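Residue numbers (our numbering), protein chains in the order written: chain A, 1 to 259; chain B, 1 to 320. Notes to accompany the following structure.
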Amino acid sequence: VKIAVCVKEVPDSAVNKRIDQNTKRLDRSGEGALNHFDTQAVEEALKIKEAGGEGEVVLVSMGPAGAIDSLRKALAMGADRAVLITDDAAAGSDLVATSRALAAALEREGADLVLFGQQGNDSDGAVLWAAVSDRLRRPVISQVAELTVADGKVRGKRQTEFGYDVIEAPLPAVIAVSDAINEPRYPSLKGIMSAKSKPQESLSASDLGVDAGALGEEGSGTTVVALGDPPPRGDARKIEDDGNAAGQIVEFLAEKKLL
Amino acid sequence: LTTAVFLEHHEGELQKGSLGVLGKAASLGDDVAGIVLGSGVKDLASQAGRFGAKKLFVADAPELEAPLPQPRVDAIAQLVGEKGIDTVLFAASVLASDVAAGLAARIDAGLNWDLVDIVEQDGALVGKRPALEDTVYVDVGWTTGVRLALFRPGTFDPAESGGEAEVEELSPAFEDFSTQATMIEQAHEESEGPSIEDADVIVAGGRGLGGPENFSLVEELAKALGGAVAATRAVVDAGWYPYATQVGQTGKTVSPKLYVACGISGAIQHKVGMQGSGTVIAINKDPNAPIFEFSDLGVIGDLHEVVPKLTELVKQRKGG
């Protein structure tokens with residue numbers, strides 16, 4: 001099977017994330033890292049490839065040119081090659097615009113299976129797969145916690161608000177995995193050494209045949225109007241238990257009239 | 001009538017979250033329509049009317065029986081095109097999120113998600129969206145003719161207004177790819193005892209309890225406070241506590257007056273299920289646990305020490 005995994009560079013978790021007051025976009029100038037949730041999609045793709053004994057795992061991403069450094073972590077885990085959509089015209093793309101670019105790159109790859117991680121830990125977005133699958137006109141299963149691929153079909157077990165679902169779809173299909181699906185592997189030293197020499201391709205909007213006006217802010221359907229402070233959370237307190245924390249909690253509850 | 005709300009249903013009941021969004025939409029002024037898609041769902045019209053829908057678009061088809069998103073995208077895309085609807089609102093859920101995003105791509109309409117409010121500002125709709133762990137509130141807008149929005153679970157309470165909805169039936173056509181995914185099995189656990197969704201006080205336990213046997217600490221405290229017991233996905237997955245008590249993205253969304261988190265780190269998956277709570281108290285031995293960032297009172301300490309003492313003190317106080 002040929003598996004495409006959609007991955008994304010996000011600001012490193014050690015960096016304090018901030019929104020740029022001028023562009024009203026997330027400041028991505030600092031250190032970047034591979035979105036942790038995406039490493040689970042990569043892990044699942046590698047498992048499927050290993051179980052089948054053959055196939056290819058290709059990373060598909062959109063981001064600034066420097067994002068290729070973050071994709072290398074997934075190459076080091078074992079992915080075979082990386083495709084990065086990078087174009088100044090794509091900066092500030094929302095769901096509608098991003099799904100256009102990704103779908104175009106995925107059409108070009110023609111993978112049997114497209115995998116997504118549970119969410120982007122920068123925008124907390126957890127919807128991209130549904131938009132991409134609609135553009136690709138392929139079936140989609142989201143929140144998958146157990147995945148099996150056999151006989152040209154994919155089967156996913158997932159948890160919803162009401163219990164468990166088991167859903168099946170023919171390949172080619174789009175799958176979004178949940179963060180309960182696996183524990184991603186650490187890259188081996190050999191993997192890290194070989195990552196740099198694996199094929200890494202950069203594509204512009206025109207390479208994909210996508211009109212630049214269909215991407216970025218121009219191609220987006222949403223806009224940021226203003227930034228504000230959150231409503232105050234009252235007087236949040238933090239105490240360390242010195243043997244009397246229980247008493248302090250009771251006082252707090254009494255003060256809030258919760259007892 | 002140009003705003004419609006996707007009304008999710010389960011076992012013959014419209015879901016509280018959808019009805020809350022319906023009430024919010026109705027409060028914005030204009031008449032609002034509900035959308036109910038399923039199989040054998042015509043009886044839900046009266047429920048929708050009671051909670052603020054003036055009109056109800058119903059599609060009843062075997063393709064819509066299983067709660068899968070893609071046939072629903074087909075149905076709503078046709079509805080939007082035929083009826084001149086310019087705003088479609090959703091209460092976020094596993095199903096609704098996929099429907100909204102699929103629809104956004106299908107009709108190239110802007111989708112804003114994770115909203116906690118929507119207001120009319122200078123004649124335009126503006127959504128309020130907390131971002132970056134709720135440290136920033138972003139005002140978001142739409143640039144497309146059709147606007148789509150997903151609201152955070154539990155954001156609005158349903159408001160009964162006692163009206164009636166006029167029903168209009170739809171006969172959507174389905175795309176080939178939309179019906180390729182099929183539901184093989186659905187296993188729904190029945191909950192026992194009072195539902196945590198209606199409790200005023202919830203005491204929740206996480207991995208920090210150390211083992212299933214220690215859930216008794218949480219149960220005792222809940223009993224003393226007159227509340228219900230909840231659990232995180234990690235401990236439900238580990239088999240320590242039943243699924244019906246799970247709070248989080250893939251469990252229940254709760255908004256009690258008091259939420260006491262015992263040994264819970266506060267992963268996003270859990271946070272989205274309880275962030276609507278009034279007062280949050282967290283007890284955790286890790287001073288860096290994210291739960292402290294959204295707690296009103298954070299207690300750094302060993303829950304095995306603190307919780308039994310607290311239970312005792314609460315009992316004494318209530319007894320005296």
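A virtual CB, placed ideally from N, CA and C, is assigned to each residue, including glycine. Just so we're clear, the structure is a prediction, and the values are computed from it rather than from any experiment.
Contacts around residue i, its chain only, beta-carbon distance under 6 Å, and the 5 residues preceding and following it disregarded
i	result
E192/B	Because E192/B sits at a pLDDT of 49, beneath the cut-off of 50, its placement in the model cannot be relied upon, and the following sentence gives the value as read from the coordinates. Nothing meets the Cβ criterion.
Q143/A	R158 and S178
K198/A	L75 and R81
P153/B	G17, A92 and T253
W142/B	G110
E220/B	T311
W240/B	P212
G227/B	A199, V201, I202 and V203
For residue i, the first and last residue of its enclosing alpha helix (DSSP H)
i	result
A51/A	H36 to G52
A195/A	L189 to A195
A261/B	Element bounds for A261/B: not the alpha helix (DSSP H) but the beta strand (DSSP E), L258 to C262.
A74/A	I68 to M77
L221/B	F215 to L225
P130/B	Where P130/B is concerned, there is no enclosing alpha helix (DSSP H), although the beta strand (DSSP E) it sits in stretches over A124 to A131.
Contacts around residue i, its chain only, beta-carbon distance under 7 Å, and the 5 residues preceding and following it disregarded
i	result
V138/B	R129 and A131
I107/B	A77, V80 and V146
A96/B	F6, E8, F90 and L150
L129/A	One point to set straight first is that residue 129/A is Trp, not Leu, in the sequence displayed. Counting only Cβ-Cβ distances below 7 Å, and skipping sequence neighbours, we find F116, V140, S142, V174 and A176.
Beta-carbon separation (whole angstroms), residue i vs residue j, contact threshold 8 Å
i	j	result
G20/B	T155/B	7 Å
T232/B	V247/B	7 Å
V32/B	V58/B	Not quite, the Cβ-Cβ distance comes to about 15 Å (not below 8 Å), so this is no contact.
V264/A	C6/A	What the structure shows of chain A is the stretch from 1 to 259, and residue 264/A is not part of that stretch, so it cannot be assessed.
G92/A	S220/A	7 Å
A222/B	C262/B	At roughly 10 Å, the Cβ-Cβ gap does not stay under 8 Å, so A222/B and C262/B are not in contact.
Nearest to residue i (by Cα), restricted to the options the options
i	options	result
R72/B	K55/B, T2/B and F90/B	F90/B
K271/B	K285/B, P290/B, G162/B and R147/B	P290/B
G243/A	T3/B, V299/B and V32/B	V299/B
Q119/A	D229/A, F37/A and G66/A	F37/A
V174/A	S194/A, K153/A and A97/A	K153/A
T223/A	L148/B, V260/B, S295/B and L14/B	L148/B
P172/A	L106/A, V166/A and S220/A	L106/A
G63/A	K8/A, K2/A, G53/A and A236/A	K8/A
F6/B	D30/B, D43/B, A124/B and L103/B	L103/B
S194/A	G66/A, A79/A, L46/A and D20/A	A79/A
D114/B	A100/B, G123/B, S27/B and D122/B	A100/B
L136/A	S178/B, T182/B and A96/B	S178/B
E197/B	G273/B, L44/B and A66/B	G273/B
R207/B	F215/B, D200/B and V201/B	F215/B
M183/B	A254/A, D229/A, V140/A and G92/A	V140/A
V88/B	A181/B, G251/B, E185/B and K24/B	K24/B
D134/B	P230/A, D87/A and A90/A	P230/A
K2/A	A212/A, L46/A, D94/A and A67/A	L46/A
G12/B	K42/B, D157/B, R317/B and G52/B	K42/B
G29/B	K54/B, A228/B, P158/B and E63/B	K54/B
L44/B	A66/B, Q15/B and E63/B	Q15/B
A145/A	I167/A, S133/A and V132/A	I167/A
G127/B	L227/A, I239/A and A254/A	L227/A
A90/A	E218/A, E50/A and K73/A	E218/A
T23/A	G216/A, I192/A and E50/A	G216/A
I283/B	L217/B, A165/B, V119/B and V136/B	L217/B
E164/B	T2/B, A48/B and T3/B	A48/B
T148/A	G163/A, V127/A, Y164/A and I181/A	I181/A
S70/A	P187/A, Q21/A, Q248/A and G247/A	P187/A
K196/A	A97/A, R72/A and Q40/A	R72/A
V225/A	S39/B, K83/B, D74/B and V119/B	V119/B
Boundaries (first-last residue) of the beta strand (DSSP E) holding residue i
i	result
Q143/A	V140 to A150
F57/B	K55 to D60
A187/B	T182 to A187
R108/A	Run containing R108/A: none in the beta strand (DSSP E); it sits in the alpha helix (DSSP H), L95 to E109.
V114/A	L113 to F116
G205/B	V201 to G205
S158/A	Sequence check: residue 158/A is Arg here, not Ser. Here the beta strand (DSSP E) through R158/A covers K153 to T160.
S61/A	E56 to M62
Spatial neighbours of residue i in its chain, beta-carbon cut-off 8 Å, leaving aside the 5 residues before and after
i	result
P11/A	K17, L26, D27, R28, G30, E31, G32, A33 and D122
A399/B	Because residue 399/B is not part of the residues shown, which for chain B are 1 to 320, the question remains open.
S277/B	I202, V254, S255, P256, K257, L258 and Y259
E109/A	K2, A4, V58, V60 and V83
Whole runs of the beta strand (DSSP E) within the stretch 65–104 of chain B, excluding any shorter than 3 residues: 87–91
Would you mind listing the beta strand (DSSP E) stretches within the stretch 202–259 of chain A that are 3+ residues and don't spill past its ends, in chain order? 222–228 and 237–240
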